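Whatever position you read off the sequence shown (first residue = 1), add 203 for the working numbering. From the three backbone atoms N, C-alpha and C, an ideal C-beta is built for every residue, glycine too. Note that this is a predicted model, so its numbers are computed, not measured. Worksheet: one structure, shown below.
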Amino acid sequence: MPRLYDSRKRILVTGGAGFLGSHLVDRLLNQGHEVLCVDNLFTGTKRNIDHLHDNPRFEFMRHDVTFPLFVEVDEIYNLACPASPVHYQHDPVQTTKTSVHGAINMLGLAKRLRCRIFQASTSEVYGDPSVHPQPETYWGNVNPIGIRSCYDEGKRCAETLFFDYHRQHGLEIKVARIFNTYGPRMHHADGRVVSNFIVQALMGDPITIYGDGSQTRSFCYVDDLVEGFMRLMESDAGITGPVNLGNPSEFTIRELAEKVVTMTGSASRIEQRPLPSDDPLQRRPDITRAREGLDWVPTVALDDGLERTIAYFRRLLPKLGMA
Ligand code: NAD
Ligand code: UDP
Ligand code: UDP
204 MPRLYDSRKR
214 ILVTGGAGFL
224 GSHLVDRLLN
234 QGHEVLCVDN
244 LFTGTKRNID
254 HLHDNPRFEF
264 MRHDVTFPLF
274 VEVDEIYNLA
284 CPASPVHYQH
294 DPVQTTKTSV
304 HGAINMLGLA
314 KRLRCRIFQA
324 STSEVYGDPS
334 VHPQPETYWG
344 NVNPIGIRSC
354 YDEGKRCAET
364 LFFDYHRQHG
374 LEIKVARIFN
384 TYGPRMHHAD
394 GRVVSNFIVQ
404 ALMGDPITIY
414 GDGSQTRSFC
424 YVDDLVEGFM
434 RLMESDAGIT
444 GPVNLGNPSE
454 FTIRELAEKV
464 VTMTGSASRI
474 EQRPLPSDDP
484 LQRRPDITRA
494 REGLDWVPTV
504 ALDDGLERTI
514 AYFRRLLPKL
524 GMA
């Protein structure tokens with residue numbers, strides 16, 4: 204819809220009350236855009252967007268993306284989907300529906316509006332990778348019937364839908380494959396490793412390493428990731444992705460545990476727990492495509508990002524009556 208008075212955009216962010224979505228919403232509002240945040244608050248929380256309550260350019264709509272949505276916007280960021288294994292395995296059928304039906308509805312919306320649409324895909328499309336680090340050309344090693352499949356296969360199917368709407372209907376698509384990201388506003392109880400370890404350390408509870416802790420992940424700070432989202436969205440129409448976005452610095456889970464204990468000054472002991480099934484052994488993005496195509500590289504080192512995240516949880520836990 205052409206705007207009457209200015210060039211600012213009206214931008215839809217699905218999943219905008221979640222961890223990544225709420226940071227993206229902040230950045231878009233800071234750039235002067237209007238933002239419509241659509242979220243069913245399954246894993247997101249109004250606490251993440253409370254500070255925007257009085258902003259006249261911000262609007263919140265409680266809605267489940269598995270149902271059609273008729274709104275008028277200039278651009279769509281589709282982030283709605285539970286992201287942590289604990290959350291997405293809570294109701295696996297709904298997880299697949301959110302990825303697949305959610306993608307169909309948001310693509311249908313983008314098709315009617317002829318607008319650009321961004322998809323928050325995931326490194327999980329690579330499954331338990333047999334190629335390391337993972338370039339976008341790697342097709343993955345995914346179990347189609349395991350406990351992670353609702354998420355992995357849902358996101359893979361969403362990618363398929365994005366590329367078919369692009370080829371069949373000429374839609375401008377932007378697909379990001381996001382690697383493990385952390386930072387303030389992660390859900391304190393979503394079971395992801397960074398939030399788990401920090402909360403456990405601050406509460407003096409045992410730090411729970413699953414397996415022997417030799418599995419690796421590469422952790423990206425949220426501000427770096429959101430910068431990558433926006434660069435991808437604003438890139439030339441010819442760039443569809445998929446583009447890996449993540450921090451290539453790789454750590455073992457045991458190294459992360461030790462870092463968190465040291466940085467919090469915690470007396471917590473490190474304990475081992477069974478490794479969940481299908482847990483990928485290693486993960487590190489090859490970000491050549493993002494570096495060359497978007498001039499994007501992460502800038503926040505793990506120690507700095509952890510410091511900011513620890514400070515956030517130190518403030519949050521007393522508010523939740525947990526410390
Ligand atoms: P999150 O759980 O904090 O946010 C997801 C948001 O989507 C929540 O606010 C939730 O309420 C909302 N949502 C879930 N189902 C919905 C539905 N059916 N309709 C409307 N809203 C719904 O997770 P996050 O870490 O912010 O992840 C955001 C996106 O990025 C997800 O699509 C996720 O798959 C992707 N991603 C995240 C990471 C990461 O490390 N954080 C890694 C890879 C991919
Ligand atoms: N859709 C939507 N909002 C719109 C336009 C479409 O939610 O503004 C939904 C619509 O309900 C449909 C889906 O997007 O289920 C896919 O739309 P598309 O036009 O691709 O397919 P069709 O309507 O022909 O099935
Ligand atoms: N993990 C762990 N202890 C925890 C939570 C997670 O050792 O309390 C491990 C988990 O088994 C996995 C890694 O940390 O190997 C990352 O887990 P997360 O759930 O954060 O993300 P994903 O497995 O989706 O990468």
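Quick check: what's the CA-CA separation for Ser245 versus Arg211? For the purposes of this step, residue 245 is taken as the residue at position 42 of the sequence shown. For the purposes of this step, residue 211 is taken as the residue at position 8 of the sequence shown. The sequence given here has Phe at residue 245, not Ser. Each residue's alpha carbon lies about 30 Å from the other.
Based on the DSSP output, what are the partners of Val503 in its beta bridges? Walking along the sequence shown from the start, residue 503 turns up at place 300. For Val503, which the question treats as bridged, DSSP gives no partner whatsoever.
Going by the beta-carbon positions, is the gap between Ile456 and Gln418 smaller than 8 Å? Translated into the one-based positions of the sequence shown, residue 456 becomes position 253. Translated into the one-based positions of the sequence shown, residue 418 becomes position 215. Yes, the pair counts as a contact, with Cβ atoms nearer than the cut-off.
Would you mind stating whether Val228 and Ile252 have Cβ atoms separated by less than 8 Å? Stepping through the sequence shown from its first residue, residue 228 is reached at position 25. Stepping through the sequence shown from its first residue, residue 252 is reached at position 49. The answer is yes: Cβ separation under 8 Å.
Flag Pro285 as yes when its Cβ comes closer than 7 Å to any non-hydrogen atom of ligand 1, and as no otherwise. Counted from its first residue, the sequence shown places residue 285 at position 82. Yes, ligand 1 has a heavy atom inside 7 Å of this Cβ.
Three Cβ pairs or more, each shorter than 8 Å: is that satisfied between the region 434-445 and the region 489-500? yes
For Arg511 and Asn399, what's the separation of their Cα atoms in angstroms? For the purposes of this step, residue 511 is taken as the residue at position 308 of the sequence shown. For the purposes of this step, residue 399 is taken as the residue at position 196 of the sequence shown. The straight-line gap from Cα to Cα measures roughly 15 Å.
Within the same chain, show all residues whose beta-carbon is closer than 8 Å to that of Ile214, passing over the 5 residues directly before and after it, in chain order. Residue 214 sits at position 11 when you count from the first residue of the sequence shown. Residues Leu231, His236, Glu237, Val238, Leu239, Val276, Asp277, Glu278, Ile279 and Tyr280 of the same chain have their beta carbon placed closer than 8 Å to that of Ile214, with the five preceding and five following residues left out of the count.
Hey, quick one: how far does the alpha helix (DSSP H) through Ser302 stretch, first residue to last? As a working mapping, residue 302 is identified with position 99 in the sequence shown. Run containing Ser302: Pro295 to Leu316, per the alpha helix (DSSP H) assignment.
Ligand 2 heavy atoms versus the CB of Gly311: any closer than 7 Å? Taking the sequence shown and counting its residues from 1, the one referred to as residue 311 is at position 108. Yes; taking the cut-off as 7 Å, the Cβ of Gly311 has a heavy atom of ligand 2 nearer than that.
Can you tell which of Gln292, Val446 and Val268 has its C-alpha closest to the C-alpha of Thr491? As a working mapping, residue 491 is identified with position 288 in the sequence shown. Residue Val446 is the option with its Cα nearest to Thr491.
Just mark Met525 as buried or exposed, buried being the case when its beta carbon has 16 or more other beta carbons within 10 Å. Taking the sequence shown and counting its residues from 1, the one referred to as residue 525 is at position 322. It counts as exposed.
When DSSP labels each residue in this structure, what does Val528 get in the three-state scheme? Missing from the structure shown is residue 528; the chain here goes from 204 to 526 and no further.
Residues that Met264 bridges to, as DSSP identifies them: In the sequence shown, counting from the first residue as 1, residue 264 sits at position 61. BP columns for Met264 point to Val241.
For Cys353, does the three-state DSSP call read helix, strand or coil? Here residue 353 refers to the residue found at position 150 when the sequence shown is read from its first residue. Cys353: helix per DSSP, three-state reduction.
With distance defined between alpha-carbon atoms, name the residue in Leu459, Phe270 and Asn258 nearest to Val303. Start at 1 with the first residue of the sequence shown, and residue 303 comes out as number 100. The shortest C-alpha separation from Val303 is found at Phe270.
Should the region 419-429 be called in touch with the region 450-468, which here means at least 3 C-beta pairs below 8 Å? yes
Apply the 10 Å Cβ neighbour rule to Lys522 and answer buried if 16 or more other Cβ atoms are within range, or exposed otherwise. Indexing the sequence shown from 1 puts residue 522 at position 319. Of the other Cβ atoms in all chains shown, fewer than 16 fall within 10 Å of the Cβ of Lys522; this residue is therefore exposed.
Straight-line gap, Glu461 to Ala220 (C-alpha atoms, nearest Å): On the sequence shown, residue 461 is found 258 positions in, with the first residue counted as 1. On the sequence shown, residue 220 is found 17 positions in, with the first residue counted as 1. Approximately 31 Å, taken between the alpha carbons.
My understanding is that Met489 touches Pro338, with C-beta atoms under 8 Å, so please give their C-beta distance in whole angstroms. The count along the sequence shown starts at 1 and reaches residue 489 at position 286. The count along the sequence shown starts at 1 and reaches residue 338 at position 135. Per the sequence shown, residue 489 should be read as Asp rather than Met. 4 Å between Cβ atoms; contact.
When burial is assigned at 16 or more other CB atoms within 10 Å of the CB, is Pro347 buried or exposed? By 1-based counting over the sequence shown, the position of residue 347 is 144. Under this definition Pro347 is an exposed residue.
Are the CB atoms of Glu356 and Val378 nearer to each other than 8 Å? The residue you call residue 356 lines up with position 153 of the sequence shown. The residue you call residue 378 lines up with position 175 of the sequence shown. Their beta carbons are not under 8 Å apart, which means Glu356 does not touch Val378 by this criterion.
Please confirm whether His266 and Arg388 have their CB atoms less than 8 Å apart. Locating residue 266 in the sequence shown gives position 63, where the first residue counts as 1. Locating residue 388 in the sequence shown gives position 185, where the first residue counts as 1. No.
Name the DSSP beta bridge partners of Asn281, please? Translated into the one-based positions of the sequence shown, residue 281 becomes position 78. Answer is Thr217 and Gln322.
Tell me whether Thr411, by its Cβ, gets closer than 7 Å to a heavy atom of ligand 3. As a working note, residue 411 is residue 208 in the sequence shown. Indeed, a heavy atom of ligand 3 lies less than 7 Å from the Cβ.
Only counting the same chain, and skipping five residues up and downstream in sequence, which positions put a Cβ closer than 6 Å to that of Pro205? As a first step, residue 205 must be located in the sequence shown, where it is residue number 2. For Pro205, the predicted model reports a pLDDT of 49, less than 50, meaning its position is unreliable and no value from the coordinates is stated.
What residues match up with Lys377 in a beta bridge as DSSP calls it? As a first step, residue 377 is located in the sequence shown; it is residue number 174 there, counting from the start. Paired residues: Phe321.
Going by DSSP in three states, Asn344 sits in which element: helix, strand or coil? Taking the first residue of the sequence shown as position 1, residue 344 is located at position 141. Asn344 falls in the strand class under three-state DSSP.
Using DSSP with H/G/I as helix, E/B as strand and the rest coil, what is Leu497? Along the sequence shown, read from residue 1 onward, the residue named residue 497 stands at position 294. The answer is helix: DSSP assigns Leu497 an H, G or I state.
Would you list the residues sitting across from Tyr385 in a DSSP beta bridge? Your numbering for residue 385 matches position 182 in the sequence shown. For Tyr385, which the question treats as bridged, DSSP gives the partners Tyr424.
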